[in-house]
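In terms of full-length UniProt numbering, the sequence shown has 5 at position 5, counting the first letter as 1, and numbering is strictly consecutive. Worksheet for the structure shown next.
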Amino acid sequence: MGRPVNLFATLDQAAARFGDRGAVFRGEEQLHTWNQLRDRALRLAASLRRTYAPGQRIAIASENRAEIVELFYAVWAAECVVVPVNFKLHPREMVQIIEDSSAATVFASPKIAAELTPQSPVVVELIGGPDYEQLFTASPLAPPSTDPSTLAWLFYTSGTTGRSKGAMLSHRNLTAMTVAHLADIDSPDENCSLLHAAPMSHGSGLYIAPYVLRGARQVVPASGAFDPDEFLDLCASHSGSSAFLAPTMIQRLVGTGRHAPAALRTIVYGGGPMYVDGLKKAMAAFGPIFAQIYGQGESPMTITGLRRADHESDDDAILGSVGTARSGVEVAVLGEDGTPVESGQIGEIVCRGDVVMSGYWNNPDATRDTLKHGWLYTGDMGSFDQQGFLTLRDRSKDVVISGGSNIYPREVEEALLEHPGVAEACVVGAPDPEWGEVVVAFIVGSADDAELDAHLLDRIARFKRPKRYVLVDDLPKNSYGKVLKRELRARLG
Ligand code: AMP
Numbered sequence: 001m002g003r004p005v006n007l008f009a010t011l012d013q014a015a016a017r018f019g020d021r022g023a024v025f026r027g028e029e030q031l032h033t034w035n036q037l038r039d040r041a042l043r044l045a046a047s048l049r050r051t052y053a054p055g056q057r058i059a060i061a062s063e064n065r066a067e068i069v070e071l072f073y074a075v076w077a078a079e080c081v082v083v084p085v086n087f088k089l090h091p092r093e094m095v096q097i098i099e100d101s102s103a104a105t106v107f108a109s110p111k112i113a114a115e116l117t118p119q120s121p122v123v124v125e126l127i128g129g130p131d132y133e134q135l136f137t138a139s140p141l142a143p144p145s146t147d148p149s150t151l152a153w154l155f156y157t158s159g160t161t162g163r164s165k166g167a168m169l170s171h172r173n174l175t176a177m178t179v180a181h182l183a184d185i186d187s188p189d190e191n192c193s194l195l196h197a198a199p200m201s202h203g204s205g206l207y208i209a210p211y212v213l214r215g216a217r218q219v220v221p222a223s224g225a226f227d228p229d230e231f232l233d234l235c236a237s238h239s240g241s242s243a244f245l246a247p248t249m250i251q252r253l254v255g256t257g258r259h260a261p262a263a264l265r266t267i268v269y270g271g272g273p274m275y276v277d278g279l280k281k282a283m284a285a286f287g288p289i290f291a292q293i294y295g296q297g298e299s300p301m302t303i304t305g306l307r308r309a310d311h312e313s314d315d316d317a318i319l320g321s322v323g324t325a326r327s328g329v330e331v332a333v334l335g336e337d338g339t340p341v342e343s344g345q346i347g348e349i350v351c352r353g354d355v356v357m358s359g360y361w362n363n364p365d366a367t368r369d370t371l372k373h374g375w376l377y378t379g380d381m382g383s384f385d386q387q388g389f390l391t392l393r394d395r396s397k398d399v400v401i402s403g404g405s406n407i408y409p410r411e412v413e414e415a416l417l418e419h420p421g422v423a424e425a426c427v428v429g430a431p432d433p434e435w436g437e438v439v440v441a442f443i444v445g446s447a448d449d450a451e452l453d454a455h456l457l458d459r460i461a462r463f464k465r466p467k468r469y470v471l472v473d474d475l476p477k478n479s480y481g482k483v484l485k486r487e488l489r490a491r492l493g
């Protein structure tokens, strides 16, 4: 067995090395140095330990707040498990996660507590109030030494395909993610900053560990959410800023018409498709500061990555890909018989490595369907090219099978988005007695059917063209900005 590893070690190292430098900021305001953050986390850990045994789940339901950083480290120091809950969920969905994880308590911001408290099955602790500050009066706990397979985070998946499940992530999994991030995506130092613009319950929160390890400032916007102008202003006031953003957030940044402040270093994007057209516009506005990750809660932020340098390619196939396998991760594409397919062939993407979860919390059936023969079955379809760039097609259940041919919605969406009248597009299959399924495109924008047909005939095979175009004001999205295809399918009856 290797050396015991606890994610708390990332903070321990930062404090030893960068002690009195600023660590946590609310907007432009410095709240704590690294020494103070370490001290607060260990005091809070001691308070937690009075009530909660190692291994207990502690939920956190809050818009982005600076306290989330100390809460994560305190829970890890106490050898408990964080259960971050997306604050944009309906209180009923939050309760489902609290119940599913059998969390012992939930730390909630005043805003979320007001909605959650009446329905919560467990005590709701208010973040930031006088009782919260009381928790820091305990004497600090000694930094822990934890077996790396110990659970650190129950990561609830976004549930675009149904009820959300808790991916069990250990200290080892998140350490592997940390190392891969620093190796492949962004290599910050103590003069850099991480701006938490996307929800800290998911991607942005996962990135706390690599940036803390390097002593990069943790900056939480005062609004607690993503506001493009606030984000760009903050980038200008913190040196070497990096952030994880969902593709829709990048579109909103581009929409401001502003240029990148010089201090904006890296935007890491992922979690949903970034169309080539949109990516090129973003690079034209902000320069070559982008890196893409493809991952899922089950292999957090880490399956493949399109590195910053890859974005300089003038090959649209590379820009439209999700990059190459990440450091320490083996990725394969399997055909229907479960064996790897040749490059260029489409199949299900699987991966393995230290970053992959050990299973779903309390859900052996889902675990058995997802972790097979030592591989994580992602449910995503894709193909490798000769150089190892992976192109994601769609989730296996989103593939449209029309007249026996597989049609990958993403390809049709990419082509539609090249039309100047199309702002957003989402392609789904609708049941059809003759074809099995037919392609239907939901479109935000203005263009008539004949125009779109002609546009697509120049770009993709005839049989892939939508049989119907439905113009809509907007596309239904979940709170991560992912389009809810099941809702669009339901509209088609
Ligand atoms: P979640 O676990 O909720 O983050 O959802 C993960 C899913 O989001 C993956 O299985 C993919 O279907 C999708 N996804 C993640 N990263 C990307 C990306 N870079 N491009 C397209 N889709 C992505």
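Here a beta-carbon is modelled for each residue, glycine too, at the ideal position from N, C-alpha and C. Remember, it's a predicted structure, so these values are computed and weren't measured experimentally.
Can you look up Ala260 in the DSSP assignment and give me helix, strand or coil? coil
Under the rule that 16 or more other beta-carbon atoms within 10 Å means buried, what is Asn6, buried or exposed? The residue is buried, with at least 16 neighbouring Cβ atoms inside 10 Å.
With the cut-off set at 7 Å, would you say Val427 and Ala415 are in Cβ contact? No Cβ-Cβ contact shorter than 7 Å links Val427 with Ala415.
Beta-carbon separation of Leu42 and Pro144 under 7 Å? no
Is it a yes or a no for the segment 171-191 touching the segment 112-119, going by three-plus beta-carbon pairs under 8 Å? no
Through-space distance from Pro84 to Ile303, alpha-carbon basis: 22 Å
Going by the CB atoms, is the gap between Arg308 and Asp184 shorter than 7 Å? no
Please return the same chain residues whose Cβ sits closer than 7 Å to the Cβ of His419, not counting the five positions on each side in sequence. Ala447, Leu452 and His455
Within 7 Å, strictly: CB atoms of Ala282 and Ala138: no
Candidates Gly493, Tyr73 and Gly271: closest to Pro199 by CA position: When C-alpha distances from Pro199 are compared across Gly493, Tyr73 and Gly271, the shortest belongs to Gly271.
Answer yes or no: the CB of Pro273 versus the heavy atoms of ligand 2, is any distance below 6 Å? No copy of ligand 2 occurs in the structure displayed; its ligands are ligand 1 alone.
Hey, would you say the C-beta of Val322 is under 6 Å away from at least one heavy atom of ligand 1? yes
Determine the DSSP secondary structure at Lys482, reduced to helix, strand or coil. coil
Within this structure, are the beta carbons of Thr157 and Gly297 separated by less than 7 Å? yes
Please report the straight-line C-alpha distance between Phe244 and Pro110, rounded to a whole angstrom. 25 Å
Ala61 to Val124, Cα distance in whole Å? Taking the straight line joining both Cα atoms gives about 10 Å.
Taking just the CA atoms, how far does Ala209 sit from Asp12? 11 Å
Any non-hydrogen atom of ligand 1 closer than 6 Å to Arg395 Cβ: The answer is yes for Arg395.
State the CB to CB distance for the pair Trp153 and Val82, rounded to an integer number of angstroms; the pair is presumed to be in contact (CB under 8 Å). 5 Å
Ligand 1 heavy atoms versus the CB of Tyr360: any closer than 6 Å? Not one heavy atom of ligand 1 lies closer than 6 Å to the C-beta of Tyr360.
Nearest-angstrom Cα separation, counted from Ala216 out to Phe18: 10 Å
Looking only at DSSP bridge pairs, what is Asn406 linked to? Ile401
Within 7 Å, strictly: CB atoms of Ser239 and Gly166: no
Restricting to Cα atoms, I'd like to know which of Lys280, Leu194 and Thr248 is closest to His311. When the alpha-carbon of His311 is set against those of Lys280, Leu194 and Thr248, the nearest one is in Lys280.
Out of Thr339, Leu376, Arg410 and Ser170, which has the shortest C-alpha to C-alpha gap to Ala317? The shortest Cα separation from Ala317 among Thr339, Leu376, Arg410 and Ser170 belongs to Arg410.
Which complete beta strand (DSSP E) runs does the segment 347-423 hold, if anything under 3 residues is left out? 347-353, 375-384, 390-395, 400-402 and 405-407, all fully within the segment 347-423.
Could you give the residue range of the alpha helix (DSSP H) that holds Ala74? Glu67 to Ala77
Tell me the start and end of each unbroken beta strand (DSSP E) in the segment 194-225 that is at least 3 residues and wholly inside, in chain order. When DSSP assignments are scanned along the segment 194-225, the uninterrupted stretches of beta strand (DSSP E) that are 3 or more residues long and fall wholly within it turn out to be 217-220.
Integer-rounded CB distance, given that Ile407 should sit under 8 Å from Lys464: 5 Å
Distance check for Asp337 and Gly257, CA to CA, integer angstroms please. 49 Å
Tell me which residues share the same chain as Lys477 and place their Cβ nearer than 8 Å to its Cβ, disregarding the 5 neighbours each side in the sequence. Thr248, Val483 and Leu484
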